[in-house]
Amino acid sequence: MNYIVRLITLLVIFLLVDVYTFAQNQEESPEKFMPRELNISSSAVFELMGVTPSQISRPSDIKDFKVDWSFKSWRLNPNIAVQGQPVWEMFYSRKSLEKYRKAGYFGRMLASLDVSAGTVQNEKGERRIGFGGKVNLYKAKDPLLQYDFFNSVTERYNQDIQLAQEQIKNVKAQLDTTSDVAVYRTLSSQLLQLENSRNDIITRQREEITSQSATFAELYWNTSFVDFGAGSIYTYSTDSAGSLKKLSLNRNTGYAAWLTAGFGIGRNWLISGMARTLVYDEQVNFKTQDTLTFEEFDRDTIFGNNLITVGVNIRYGSPYLNIFIEYFADLRETKDKFDVVGFDLSRQLPNVPTGQVVIDKSVSWNLQPVHSLTLGGDWRMSRNVMLNFGLRMEFDSKWKKQTFIPISTLVCLMR
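Just so you know, we're using my numbering here: the sequence shown kicks off at -12 and counts up by one.
As C-alpha coordinates, this is what we get:
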(Lines of atoms letter the chains of each structure in order from A and count residues from 1; the text may use other names and numbers.)
(Lines give C-alpha, C1' and ligand atoms only; values in the text may rest on other atoms or scores of the structure.)
Protein backbone atom coordinates (compact mmCIF):
# COMPACT_ATOMS: atom_id res chain seq x y z
CA MET A 1 0.00 0.00 0.00
CA ASN A 2 2.88 2.40 0.72
CA TYR A 3 4.06 1.98 -2.87
CA ILE A 4 0.61 2.85 -4.19
CA VAL A 5 0.38 5.88 -1.90
CA ARG A 6 3.70 7.17 -3.28
CA LEU A 7 2.51 6.66 -6.86
CA ILE A 8 -0.74 8.46 -6.16
CA THR A 9 1.13 11.33 -4.51
CA LEU A 10 3.48 11.68 -7.49
CA LEU A 11 0.65 11.66 -9.99
CA VAL A 12 -1.37 14.16 -7.96
CA ILE A 13 1.63 16.52 -8.04
CA PHE A 14 1.79 16.15 -11.85
CA LEU A 15 -1.90 16.81 -12.21
CA LEU A 16 -1.83 19.80 -9.84
CA VAL A 17 0.91 21.30 -12.01
CA ASP A 18 -1.28 20.60 -15.02
CA VAL A 19 -4.34 22.20 -13.45
CA TYR A 20 -2.35 25.23 -12.27
CA THR A 21 -0.84 25.89 -15.67
CA PHE A 22 -4.21 25.20 -17.27
CA ALA A 23 -5.66 28.00 -15.14
CA GLN A 24 -2.75 30.24 -16.10
CA ASN A 25 -3.42 29.54 -19.77
CA GLN A 26 -6.81 31.20 -19.51
CA GLU A 27 -4.86 34.48 -19.55
CA GLU A 28 -2.38 33.45 -22.23
CA SER A 29 -1.45 36.06 -24.76
CA PRO A 30 -3.10 35.65 -28.17
CA GLU A 31 0.13 35.20 -30.10
CA LYS A 32 0.66 31.93 -28.18
CA PHE A 33 -2.71 30.50 -29.10
CA MET A 34 -2.52 27.11 -30.81
CA PRO A 35 -4.75 24.11 -31.61
CA ARG A 36 -4.82 21.68 -28.68
CA GLU A 37 -7.29 18.89 -29.45
CA LEU A 38 -7.14 17.85 -33.10
CA ASN A 39 -7.50 14.15 -32.22
CA ILE A 40 -8.81 12.76 -28.94
CA SER A 41 -8.15 9.24 -27.62
CA SER A 42 -8.84 7.41 -24.38
CA SER A 43 -6.44 7.54 -21.43
CA ALA A 44 -3.67 4.95 -21.25
CA VAL A 45 -4.81 3.59 -17.89
CA PHE A 46 -8.34 2.85 -19.13
CA GLU A 47 -6.98 1.14 -22.24
CA LEU A 48 -4.75 -1.02 -20.04
CA MET A 49 -7.70 -1.92 -17.81
CA GLY A 50 -9.73 -2.97 -20.85
CA VAL A 51 -12.68 -0.71 -19.99
CA THR A 52 -12.62 1.24 -23.27
CA PRO A 53 -14.41 0.02 -26.41
CA SER A 54 -11.11 0.01 -28.29
CA GLN A 55 -7.95 -1.14 -26.55
CA ILE A 56 -5.86 -0.15 -29.56
CA SER A 57 -5.74 3.63 -29.45
CA ARG A 58 -5.65 5.94 -32.44
CA PRO A 59 -3.42 9.04 -32.86
CA SER A 60 -3.86 11.71 -30.20
CA ASP A 61 -3.02 15.43 -30.25
CA ILE A 62 -4.38 16.44 -26.84
CA LYS A 63 -2.68 19.33 -25.08
CA ASP A 64 -5.24 19.82 -22.31
CA PHE A 65 -6.35 18.33 -19.01
CA LYS A 66 -8.81 15.47 -19.70
CA VAL A 67 -11.29 13.32 -17.79
CA ASP A 68 -12.66 9.94 -18.93
CA TRP A 69 -15.74 8.15 -17.59
CA SER A 70 -16.24 4.43 -18.24
CA PHE A 71 -19.67 2.78 -18.29
CA LYS A 72 -18.73 -0.86 -18.76
CA SER A 73 -20.89 -2.10 -15.88
CA TRP A 74 -23.69 0.46 -16.43
CA ARG A 75 -23.83 1.13 -12.69
CA LEU A 76 -23.35 4.43 -10.89
CA ASN A 77 -19.79 3.71 -9.78
CA PRO A 78 -16.95 6.25 -9.80
CA ASN A 79 -15.28 4.75 -12.88
CA ILE A 80 -13.12 7.72 -13.76
CA ALA A 81 -9.68 8.52 -15.12
CA VAL A 82 -7.83 11.83 -15.21
CA GLN A 83 -5.08 12.66 -17.70
CA GLY A 84 -2.54 15.45 -18.00
CA GLN A 85 0.63 16.40 -19.89
CA PRO A 86 3.17 17.52 -17.26
CA VAL A 87 6.15 18.15 -19.57
CA TRP A 88 4.04 20.13 -22.05
CA GLU A 89 2.46 22.22 -19.31
CA MET A 90 5.74 22.96 -17.53
CA PHE A 91 7.92 23.80 -20.53
CA TYR A 92 5.83 24.59 -23.61
CA SER A 93 2.25 25.52 -22.80
CA ARG A 94 2.83 29.19 -22.02
CA LYS A 95 5.55 29.65 -24.64
CA SER A 96 5.34 30.47 -28.31
CA LEU A 97 5.21 27.73 -30.91
CA GLU A 98 8.84 28.39 -31.78
CA LYS A 99 10.05 26.92 -28.49
CA TYR A 100 8.30 23.64 -29.28
CA ARG A 101 9.44 23.63 -32.90
CA LYS A 102 13.08 24.20 -31.95
CA ALA A 103 13.05 21.59 -29.19
CA GLY A 104 14.26 18.76 -31.41
CA TYR A 105 12.98 15.19 -31.56
CA PHE A 106 13.64 14.29 -27.92
CA GLY A 107 12.05 17.46 -26.54
CA ARG A 108 8.93 17.07 -28.69
CA MET A 109 8.69 13.41 -27.72
CA LEU A 110 8.72 14.32 -24.01
CA ALA A 111 6.14 17.04 -24.69
CA SER A 112 3.79 14.35 -26.00
CA LEU A 113 3.94 12.43 -22.72
CA ASP A 114 0.59 12.09 -21.01
CA VAL A 115 0.09 10.49 -17.60
CA SER A 116 -3.18 9.21 -16.23
CA ALA A 117 -4.66 7.66 -13.12
CA GLY A 118 -7.98 5.88 -12.93
CA THR A 119 -10.22 3.66 -10.89
CA VAL A 120 -13.07 1.34 -11.81
CA GLN A 121 -15.22 -1.17 -9.98
CA ASN A 122 -15.75 -4.44 -11.82
CA GLU A 123 -18.77 -6.72 -11.86
CA LYS A 124 -17.45 -8.68 -8.85
CA GLY A 125 -17.34 -5.54 -6.72
CA GLU A 126 -13.53 -5.38 -6.80
CA ARG A 127 -11.88 -1.95 -6.92
CA ARG A 128 -9.23 -1.53 -9.61
CA ILE A 129 -6.69 1.31 -9.34
CA GLY A 130 -4.32 2.02 -12.18
CA PHE A 131 -1.64 4.36 -13.49
CA GLY A 132 -0.47 4.74 -17.06
CA GLY A 133 1.38 6.88 -19.54
CA LYS A 134 1.92 7.18 -23.28
CA VAL A 135 4.53 8.94 -25.36
CA ASN A 136 4.55 9.48 -29.11
CA LEU A 137 7.65 8.13 -30.87
CA TYR A 138 6.64 9.04 -34.41
CA LYS A 139 3.87 10.98 -36.12
CA ALA A 140 3.75 11.65 -39.84
CA LYS A 141 1.82 14.91 -39.40
CA ASP A 142 2.41 16.80 -36.16
CA PRO A 143 -0.06 19.72 -36.35
CA LEU A 144 2.20 22.05 -34.37
CA LEU A 145 4.97 21.59 -36.94
CA GLN A 146 2.82 22.52 -39.93
CA TYR A 147 4.19 26.03 -40.51
CA ASP A 148 2.27 26.75 -43.70
CA PHE A 149 -1.02 25.50 -42.34
CA PHE A 150 -1.33 27.81 -39.31
CA ASN A 151 1.38 30.46 -39.60
CA SER A 152 -0.31 32.63 -42.20
CA VAL A 153 -3.31 33.21 -39.96
CA THR A 154 -1.23 33.64 -36.81
CA GLU A 155 1.16 36.17 -38.35
CA ARG A 156 -1.59 38.12 -40.09
CA TYR A 157 -3.57 38.63 -36.92
CA ASN A 158 -0.49 39.11 -34.73
CA GLN A 159 0.44 42.27 -36.64
CA ASP A 160 -2.96 43.78 -35.85
CA ILE A 161 -2.79 42.58 -32.24
CA GLN A 162 0.70 44.04 -31.70
CA LEU A 163 -0.41 47.37 -33.16
CA ALA A 164 -3.43 47.39 -30.82
CA GLN A 165 -1.25 46.53 -27.83
CA GLU A 166 1.18 49.35 -28.64
CA GLN A 167 -1.72 51.79 -28.81
CA ILE A 168 -3.07 50.47 -25.49
CA LYS A 169 0.37 50.84 -23.94
CA ASN A 170 0.65 54.45 -25.10
CA VAL A 171 -2.80 55.38 -23.78
CA LYS A 172 -2.04 53.76 -20.42
CA ALA A 173 1.18 55.77 -20.20
CA GLN A 174 -0.77 58.97 -20.83
CA LEU A 175 -3.32 57.96 -18.17
CA ASP A 176 -0.52 57.57 -15.63
CA THR A 177 0.79 61.09 -16.25
CA THR A 178 -2.31 63.20 -16.79
CA SER A 179 -3.95 65.16 -13.96
CA ASP A 180 -6.71 66.72 -16.04
CA VAL A 181 -10.06 65.04 -15.27
CA ALA A 182 -11.54 65.66 -18.73
CA VAL A 183 -8.46 64.31 -20.47
CA TYR A 184 -8.50 61.30 -18.12
CA ARG A 185 -12.10 60.49 -19.05
CA THR A 186 -11.34 60.84 -22.75
CA LEU A 187 -8.29 58.56 -22.48
CA SER A 188 -10.25 56.01 -20.41
CA SER A 189 -12.93 55.83 -23.09
CA GLN A 190 -10.26 55.50 -25.77
CA LEU A 191 -8.54 52.72 -23.78
CA LEU A 192 -11.80 50.79 -23.50
CA GLN A 193 -12.39 51.04 -27.25
CA LEU A 194 -8.85 49.87 -28.00
CA GLU A 195 -9.16 46.88 -25.63
CA ASN A 196 -12.48 45.91 -27.18
CA SER A 197 -10.96 46.18 -30.64
CA ARG A 198 -8.02 43.99 -29.61
CA ASN A 199 -10.35 41.40 -28.09
CA ASP A 200 -12.36 41.31 -31.31
CA ILE A 201 -9.17 40.62 -33.27
CA ILE A 202 -8.21 37.85 -30.84
CA THR A 203 -11.66 36.30 -31.17
CA ARG A 204 -11.47 36.33 -34.97
CA GLN A 205 -7.99 34.82 -34.84
CA ARG A 206 -9.09 32.06 -32.48
CA GLU A 207 -12.14 31.25 -34.60
CA GLU A 208 -10.11 31.08 -37.80
CA ILE A 209 -7.42 28.87 -36.25
CA THR A 210 -10.15 26.63 -34.83
CA SER A 211 -11.65 26.37 -38.30
CA GLN A 212 -8.24 25.53 -39.76
CA SER A 213 -7.74 22.93 -37.03
CA ALA A 214 -10.97 21.23 -38.07
CA THR A 215 -9.78 21.20 -41.69
CA PHE A 216 -6.41 19.77 -40.65
CA ALA A 217 -8.11 17.05 -38.57
CA GLU A 218 -10.28 16.04 -41.53
CA LEU A 219 -7.22 15.68 -43.74
CA TYR A 220 -4.87 13.95 -41.29
CA TRP A 221 -6.91 12.33 -38.49
CA ASN A 222 -5.60 8.94 -39.64
CA THR A 223 -1.94 9.97 -39.91
CA SER A 224 0.71 7.28 -39.39
CA PHE A 225 2.01 7.04 -35.82
CA VAL A 226 3.97 4.98 -33.30
CA ASP A 227 3.24 5.24 -29.54
CA PHE A 228 4.87 3.60 -26.52
CA GLY A 229 2.93 3.10 -23.30
CA ALA A 230 3.43 1.65 -19.84
CA GLY A 231 1.35 1.30 -16.71
CA SER A 232 0.35 -0.73 -13.69
CA ILE A 233 -2.92 -1.99 -12.21
CA TYR A 234 -3.86 -3.04 -8.67
CA THR A 235 -7.12 -4.87 -7.97
CA TYR A 236 -8.53 -5.17 -4.45
CA SER A 237 -11.49 -6.92 -2.94
CA THR A 238 -13.68 -4.47 -1.03
CA ASP A 239 -16.18 -4.56 1.82
CA SER A 240 -19.67 -3.04 1.89
CA ALA A 241 -18.18 0.36 2.78
CA GLY A 242 -15.82 0.28 -0.20
CA SER A 243 -12.63 -0.14 1.86
CA LEU A 244 -9.75 -1.85 0.08
CA LYS A 245 -9.01 -5.34 1.39
CA LYS A 246 -7.00 -8.19 -0.15
CA LEU A 247 -4.91 -7.63 -3.27
CA SER A 248 -5.99 -9.97 -6.07
CA LEU A 249 -3.20 -12.00 -7.61
CA ASN A 250 -4.16 -12.57 -11.22
CA ARG A 251 -3.92 -10.77 -14.55
CA ASN A 252 -5.89 -7.82 -13.12
CA THR A 253 -2.85 -6.85 -11.02
CA GLY A 254 0.47 -6.28 -12.74
CA TYR A 255 2.88 -4.11 -14.74
CA ALA A 256 2.60 -3.61 -18.50
CA ALA A 257 4.36 -2.06 -21.47
CA TRP A 258 3.05 -1.84 -25.02
CA LEU A 259 3.70 -0.52 -28.48
CA THR A 260 0.93 0.80 -30.75
CA ALA A 261 1.38 1.74 -34.39
CA GLY A 262 -0.91 2.61 -37.26
CA PHE A 263 -1.11 3.96 -40.78
CA GLY A 264 -3.84 5.58 -42.82
CA ILE A 265 -5.21 4.65 -46.22
CA GLY A 266 -6.73 7.59 -48.05
CA ARG A 267 -8.74 9.99 -45.90
CA ASN A 268 -11.11 7.49 -44.32
CA TRP A 269 -9.23 4.35 -43.26
CA LEU A 270 -6.91 3.75 -40.32
CA ILE A 271 -5.31 0.38 -39.62
CA SER A 272 -3.49 0.02 -36.31
CA GLY A 273 -2.00 -2.75 -34.22
CA MET A 274 -0.75 -3.33 -30.71
CA ALA A 275 1.67 -5.63 -28.90
CA ARG A 276 1.62 -5.61 -25.09
CA THR A 277 3.25 -7.57 -22.31
CA LEU A 278 1.78 -7.75 -18.80
CA VAL A 279 3.90 -9.19 -15.98
CA TYR A 280 1.95 -10.34 -12.95
CA ASP A 281 1.78 -12.83 -10.07
CA GLU A 282 -0.88 -15.50 -10.42
CA GLN A 283 -2.43 -17.55 -7.65
CA VAL A 284 -3.46 -21.16 -8.21
CA ASN A 285 -5.76 -22.80 -5.67
CA PHE A 286 -5.85 -26.56 -5.17
CA LYS A 287 -6.31 -29.33 -2.62
CA THR A 288 -3.91 -31.96 -1.41
CA GLN A 289 -4.68 -35.33 0.11
CA ASP A 290 -2.73 -37.23 2.72
CA THR A 291 -1.74 -40.62 1.27
CA LEU A 292 -2.26 -42.36 4.62
CA THR A 293 -5.28 -40.69 6.23
CA PHE A 294 -6.91 -39.45 2.96
CA GLU A 295 -7.57 -36.10 4.68
CA GLU A 296 -7.87 -33.17 2.29
CA PHE A 297 -6.24 -29.73 2.72
CA ASP A 298 -6.83 -26.40 0.93
CA ARG A 299 -3.60 -25.12 -0.63
CA ASP A 300 -2.45 -22.39 -2.99
CA THR A 301 0.73 -21.32 -4.71
CA ILE A 302 1.84 -18.10 -6.36
CA PHE A 303 4.03 -17.91 -9.44
CA GLY A 304 5.14 -15.27 -11.90
CA ASN A 305 3.35 -15.20 -15.23
CA ASN A 306 3.41 -13.11 -18.40
CA LEU A 307 0.46 -12.19 -20.61
CA ILE A 308 1.17 -11.31 -24.23
CA THR A 309 -1.57 -9.33 -25.99
CA VAL A 310 -1.55 -8.75 -29.73
CA GLY A 311 -4.31 -7.18 -31.79
CA VAL A 312 -5.38 -5.26 -34.86
CA ASN A 313 -7.95 -2.50 -35.36
CA ILE A 314 -9.54 -1.44 -38.67
CA ARG A 315 -11.31 1.90 -38.51
CA TYR A 316 -13.35 3.79 -41.14
CA GLY A 317 -14.83 7.27 -41.07
CA SER A 318 -13.76 10.76 -40.07
CA PRO A 319 -12.47 12.51 -36.94
CA TYR A 320 -16.08 13.28 -35.99
CA LEU A 321 -17.67 9.87 -36.52
CA ASN A 322 -15.96 6.59 -37.26
CA ILE A 323 -16.61 2.89 -36.77
CA PHE A 324 -14.16 0.06 -36.17
CA ILE A 325 -13.74 -3.66 -35.81
CA GLU A 326 -11.03 -4.86 -33.46
CA TYR A 327 -9.56 -8.26 -32.67
CA PHE A 328 -7.00 -9.10 -30.05
CA ALA A 329 -5.74 -12.22 -28.32
CA ASP A 330 -4.38 -12.70 -24.79
CA LEU A 331 -1.75 -15.45 -24.57
CA ARG A 332 -0.46 -16.61 -21.18
CA GLU A 333 3.16 -17.62 -20.98
CA THR A 334 2.14 -20.43 -18.61
CA LYS A 335 -1.09 -21.71 -20.12
CA ASP A 336 -1.66 -24.93 -18.18
CA LYS A 337 -2.41 -24.73 -14.45
CA PHE A 338 -1.15 -28.30 -14.07
CA ASP A 339 2.29 -27.15 -15.15
CA VAL A 340 2.48 -25.39 -11.80
CA VAL A 341 0.89 -27.90 -9.41
CA GLY A 342 1.02 -31.16 -11.38
CA PHE A 343 1.64 -34.43 -9.56
CA ASP A 344 5.22 -34.65 -10.71
CA LEU A 345 5.91 -31.12 -9.39
CA SER A 346 4.23 -31.44 -5.98
CA ARG A 347 7.56 -32.06 -4.27
CA GLN A 348 8.77 -28.64 -5.42
CA LEU A 349 5.93 -26.72 -3.75
CA PRO A 350 6.98 -25.48 -0.29
CA ASN A 351 3.43 -25.62 1.10
CA VAL A 352 2.82 -29.27 0.15
CA PRO A 353 4.13 -31.50 2.97
CA THR A 354 5.75 -34.85 2.35
CA GLY A 355 3.19 -37.60 2.12
CA GLN A 356 0.55 -35.50 0.36
CA VAL A 357 -0.40 -35.34 -3.30
CA VAL A 358 -2.30 -32.80 -5.34
CA ILE A 359 -5.91 -33.66 -6.16
CA ASP A 360 -6.13 -33.29 -9.91
CA LYS A 361 -9.69 -32.00 -10.28
CA SER A 362 -9.29 -29.43 -7.46
CA VAL A 363 -6.72 -27.29 -9.29
CA SER A 364 -8.25 -23.95 -10.30
CA TRP A 365 -7.13 -20.48 -11.32
CA ASN A 366 -8.57 -17.30 -12.76
CA LEU A 367 -10.21 -18.10 -16.09
CA GLN A 368 -9.92 -15.37 -18.71
CA PRO A 369 -10.97 -15.06 -22.36
CA VAL A 370 -8.35 -15.72 -25.01
CA HIS A 371 -9.96 -14.09 -28.05
CA SER A 372 -11.84 -10.81 -28.17
CA LEU A 373 -13.82 -9.22 -31.00
CA THR A 374 -15.24 -5.69 -30.70
CA LEU A 375 -17.52 -3.65 -32.94
CA GLY A 376 -17.75 0.02 -32.08
CA GLY A 377 -16.99 3.59 -32.95
CA ASP A 378 -16.24 7.14 -31.86
CA TRP A 379 -18.61 10.08 -32.01
CA ARG A 380 -17.13 13.51 -31.42
CA MET A 381 -20.11 15.35 -30.02
CA SER A 382 -18.33 18.72 -29.76
CA ARG A 383 -14.84 20.19 -29.66
CA ASN A 384 -14.41 19.05 -26.07
CA VAL A 385 -16.52 15.90 -25.77
CA MET A 386 -16.26 12.49 -27.44
CA LEU A 387 -18.35 9.36 -26.93
CA ASN A 388 -16.70 5.96 -27.49
CA PHE A 389 -19.04 2.98 -27.82
CA GLY A 390 -18.70 -0.70 -28.56
CA LEU A 391 -19.98 -4.26 -28.20
CA ARG A 392 -17.30 -6.76 -27.15
CA MET A 393 -17.56 -10.51 -27.59
CA GLU A 394 -15.05 -12.68 -25.73
CA PHE A 395 -14.19 -16.30 -26.47
CA ASP A 396 -12.10 -19.03 -24.90
CA SER A 397 -9.22 -20.81 -26.64
CA LYS A 398 -11.67 -22.98 -28.60
CA TRP A 399 -13.71 -19.95 -29.76
CA LYS A 400 -16.58 -20.77 -27.45
CA LYS A 401 -18.34 -17.52 -26.55
CA GLN A 402 -17.96 -16.50 -22.91
CA THR A 403 -19.25 -12.94 -22.65
CA PHE A 404 -21.05 -10.23 -24.62
CA ILE A 405 -20.41 -6.81 -23.10
CA PRO A 406 -21.57 -3.30 -24.05
CA ILE A 407 -18.88 -0.72 -23.26
CA SER A 408 -18.83 3.05 -23.56
CA THR A 409 -16.61 5.89 -22.38
CA LEU A 410 -17.19 9.61 -22.30
CA VAL A 411 -14.08 11.72 -22.90
CA CYS A 412 -14.15 15.37 -21.79
CA LEU A 413 -11.50 18.07 -22.18
CA MET A 414 -11.61 20.32 -19.10
CA ARG A 415 -11.40 23.91 -20.27
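Idealized CB from N, CA, C, for every residue including glycine. What you are looking at is a predicted structure, and each value in this text was computed from that prediction instead of being measured.
> Does DSSP put D317 in a helix, in a strand, or in coil?
Replying inline: Within the sequence shown, the letter at position 330 stands for residue 317. D317: strand per DSSP, three-state reduction.
Quick one: Cα of N255 to Cα of I301, how far?
As a working mapping, residue 255 is identified with position 268 in the sequence shown. As a working mapping, residue 301 is identified with position 314 in the sequence shown. Roughly 11 Å between the two C-alpha positions.
(message) Given this structure, state the Cα-to-Cα distance separating I394 from P306, to the nearest angstrom.
(response) Indexing the sequence shown from 1 puts residue 394 at position 407. Indexing the sequence shown from 1 puts residue 306 at position 319. Distance between the alpha carbons of I394 and P306 is about 20 Å.
Just curious, the beta strand (DSSP E) that D55 is in, first and last residue? Locating residue 55 in the sequence shown gives position 68, where the first residue counts as 1. Taken as a continuous stretch (DSSP letters only), the beta strand (DSSP E) holding D55 covers 53 to 57.
Would you mind stating whether W366 and L308 have Cβ atoms separated by less than 7 Å?
For the purposes of this step, residue 366 is taken as the residue at position 379 of the sequence shown. For the purposes of this step, residue 308 is taken as the residue at position 321 of the sequence shown. Contact flag set, yes.
task: Check whether the Cβ atoms of S41 and N26 lie closer than 7 Å to each other.
output: Working through the sequence shown from its first residue, we reach residue 41 at position 54. Working through the sequence shown from its first residue, we reach residue 26 at position 39. Contact: no.
Practice problem: Drop a sphere of 10 angstroms on the beta-carbon of P17, count the other beta-carbons inside from all chains shown, and report buried for 16 or more, exposed for fewer. | Solution: Taking the sequence shown and counting its residues from 1, the one referred to as residue 17 is at position 30. With a pLDDT of only 44 at P17, under 50, the local geometry of the prediction cannot be trusted, and no value is derived from it.
* Asked: How big is the Cα-Cα spacing for D331 and M96?
  -> One-based indexing of the sequence shown puts residue 331 at position 344. One-based indexing of the sequence shown puts residue 96 at position 109. At D331 the pLDDT is 47, less than 50, meaning the model places this residue with poor confidence and gives no usable figure here.
Below 8 Å on the Cβ atoms is my contact criterion, and I expect G342 with T361 to pass it. Report the Cβ-Cβ distance as a whole number of Å.
Translated into the one-based positions of the sequence shown, residue 342 becomes position 355. Translated into the one-based positions of the sequence shown, residue 361 becomes position 374. About 50 Å separates the two Cβ atoms, so there is no contact after all.
task: Could you tell me which of I252, K121, E76 sits nearest to S30, measuring between CA atoms?
output: The count along the sequence shown starts at 1 and reaches residue 30 at position 43. The candidate whose alpha carbon is nearest that of S30 is K121.
W245 classed as buried or exposed, judged by whether at least 16 other C-beta atoms fall within 10 angstroms: The sequence position of residue 245 within the sequence shown is 258, counting from 1. It counts as buried.
Please report the distance separating the alpha-carbon of F137 from that of N183.
Residue 137 sits at position 150 when you count from the first residue of the sequence shown. Residue 183 sits at position 196 when you count from the first residue of the sequence shown. For F137 and N183, the distance between alpha carbons rounds to 24 Å.
Quick check on W386: buried or exposed, where buried means 16 or more other Cβ atoms within 10 Å of its Cβ?
Indexing the sequence shown from 1 puts residue 386 at position 399. Per the 10 Å Cβ criterion, exposed.
inquiry  = Can you look up W245 in the DSSP assignment and give me helix, strand or coil?
reply    = Position 258 of the sequence shown, counted from the first residue, corresponds to residue 245. In the structure shown, W245 sits in a strand (DSSP, three-state: E or B).
**Message:** Given a cut-off of 7 Å on the beta-carbon distance, is the pair T459 and T240 in contact?
**Reply:** This structure does not reach residue 459, given that the chain is present from -12 up to 402, and the question cannot be answered.
- prompt: Is the CB-CB distance between I49 and M261 below 7 Å?
  reply: For the purposes of this step, residue 49 is identified with residue 62 of the sequence shown, where counting begins at 1. For the purposes of this step, residue 261 is identified with residue 274 of the sequence shown, where counting begins at 1. Against a cut-off of 7 Å, the Cβ pair of M261 and I49 comes out as no contact.
Subject >> Distance between R238 and I392 (C-alpha atoms, nearest Å) >> reply: In the sequence shown, the residue the question calls residue 392 occupies position 405. In the sequence shown, the residue the question calls residue 238 occupies position 251. Taking the straight line from one Cα to the other gives about 19 Å.
* Separation of L84 from L234, as counted between CA atoms -> Looking up residue 234 in the sequence shown gives position 247. Looking up residue 84 in the sequence shown gives position 97. Whole-angstrom Cα-Cα distance: 46 Å.
* Supposed close pair V271, D287 - CB separation, criterion 8 Å -> For the purposes of this step, residue 271 is taken as residue 284 along the sequence shown, with counting starting at 1. For the purposes of this step, residue 287 is taken as residue 300 along the sequence shown, with counting starting at 1. Confirmed, about 6 Å.
Give the C-beta separation of G37 and A68 to the nearest angstrom, bearing in mind that I take them to be a contact with Cβ-Cβ under 8 Å. Here residue 37 is taken as the residue at index 50 of the sequence shown, counted from 1. Here residue 68 is taken as the residue at index 81 of the sequence shown, counted from 1. No, G37 and A68 are not in contact; Cβ-Cβ is about 13 Å, not under 8 Å.
**Request:** Starting from the C-beta of F290, find all residues in its chain whose C-beta is less than 8 Å away, skip the five residues before and the five after it, and write them out in chain order.
**Result:** Counting from one through the sequence shown, the residue named residue 290 turns up at place 303. So the list reads D268, E269, V271, T321, V327, once near-sequence residues are dropped.
Hey, S211 and G249 are a contact pair by Cβ (cut 8 Å); roughly how many whole angstroms apart?
Reading the sequence shown from its first residue, position 224 is the one you call residue 211. Reading the sequence shown from its first residue, position 262 is the one you call residue 249. Rounded, the Cβ-Cβ distance is 7 Å, consistent with contact.
Quiz item: L236 by DSSP, collapsed to three states: which one?
Solution: The count along the sequence shown starts at 1 and reaches residue 236 at position 249. Reduced to three states, the DSSP call for L236 is coil.
Requested in this report: Mind checking which residues open and close the beta strand (DSSP E) that includes D277?
Outcome: On the sequence shown, residue 277 is found 290 positions in, with the first residue counted as 1. Taken as a continuous stretch (DSSP letters only), the beta strand (DSSP E) holding D277 covers 256 to 277.
| Between which two residues does the beta strand (DSSP E) carrying M380 extend? | The sequence position of residue 380 within the sequence shown is 393, counting from 1. Its beta strand (DSSP E) spans residues 372 to 382.
Exposed or buried, N403, counting other C-beta atoms within 10 Å across all chains shown (16 or more means buried)?
-> Given a span of -12 to 402 for the chain in the structure shown, any question on residue 403 remains unanswerable.
Tell me whether Q108 sits in a helix, a strand or coil according to DSSP, three-state version. Locating residue 108 in the sequence shown gives position 121, where the first residue counts as 1. Strand.
* Between the CA atoms of L294 and R319 - distance to the nearest angstrom -> Within the sequence shown, numbered from 1, the residue matching residue 319 stands at position 332. Within the sequence shown, numbered from 1, the residue matching residue 294 stands at position 307. Rounded to whole angstroms, R319 to L294 spans 5 Å at the Cα level.
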